[in-house]
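Right, one structure below, let's go through it.
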Amino acid sequence: MLIKFFRNGKGVGAGPIGYLVAERVLAYDDNRDLIRDADGQPMSVTREPLPEVLRGNPARTEALIDASRHQWTYRAGVISFAAADAPTEEQQAEVMDGFERLAFAGLDPTQYEVLWVRHTHEDRVELHFCTPRLELTSGRSLNIAPPGCEKGFDSMR
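Numbering (the working numbering), first residue to last: -10 to 146.
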């Protein structure tokens, strides 16, 4: 199991939320290089199977990101499993629960928003998450992955 926080996190919510739930996405080869057609235009592929929203509400998460007045508006990442791992739905729920306990330690669920979307179109389970960098009751900035946080999240592996 790999836990990765993406470097991005500024701007409006349409970017990260759109990527998580999009039916069609840019096509990449095995080296993660963008695939282009004969005219040099980026190619896209349809995800099969389609992304599944497991928890949260994409429209609400996007609206909260857009409402943030902070420089850093969201935190996104993925928990990715090797194809051989093939975690059950129950195991995936346990992983999401454990991640939320660690990421939002000390907070009540009413104080944060997190969107979980499962991608399986690359023949493995990927649990993508996106959360507004916002504590909901105060409006203060909330960074679930400050520098050095990797050691804490390593305990989940």
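The beta carbon of each residue, even a glycine, is placed where N, CA and C say it ideally should be.
These numbers were taken from a predicted model, which means no experiment stands behind them.
Straight-line measurement puts the Cα of Arg122 at about 6 Å from the Cα of Arg64.
When secondary structure is reduced to three states using DSSP, Thr62 falls in the coil class, being assigned neither helix nor strand.
Secondary-structure assignment with DSSP links Arg25 through a beta bridge to Pro31.
Inclusion of Met145 and Phe88 in the CB contact set at 8 Å is warranted, their separation being smaller than that value. Between the segment 102 to 119 and the segment 38 to 45 there are three or more C-beta pairs closer than 8 Å, enough to call the two in contact.
In this structure, the beta-carbon distance from Val14 to Arg36 falls below 8 Å.
For the segment 69 to 105, the full-length alpha helix (DSSP H) segments reaching 4 residues or more read 78 to 92 along the chain. The beta carbons of Gln81 and Leu39 sit no closer together than 8 Å. The shortest CA-to-CA distance from Phe70 to any of His110, Thr50, Gly95 and Ala52 is the one to His110.
Thr62 is the residue among Arg113, Thr62, Thr77 and Pro31 whose C-alpha sits nearest the C-alpha of Arg(-4). When DSSP states are grouped into helix, strand and coil, Thr120 belongs to the strand group. Within the same chain, Leu23 and Ile24 come within 8 Å of Tyr17 by CB-CB distance, once the 5 residues on both sides are set aside. Taking every protein chain shown into account, the CB of Leu(-9) has fewer than 16 other CB atoms within 10 angstroms, so this residue is exposed.
Secondary-structure assignment with DSSP links Lys(-7) through a beta bridge to Val67. Secondary structure note for Val10: its alpha helix (DSSP H) is the uninterrupted segment Ala3 to Val10. A straight line joining the alpha-carbon of His108 with that of Asp19 spans about 17 Å.
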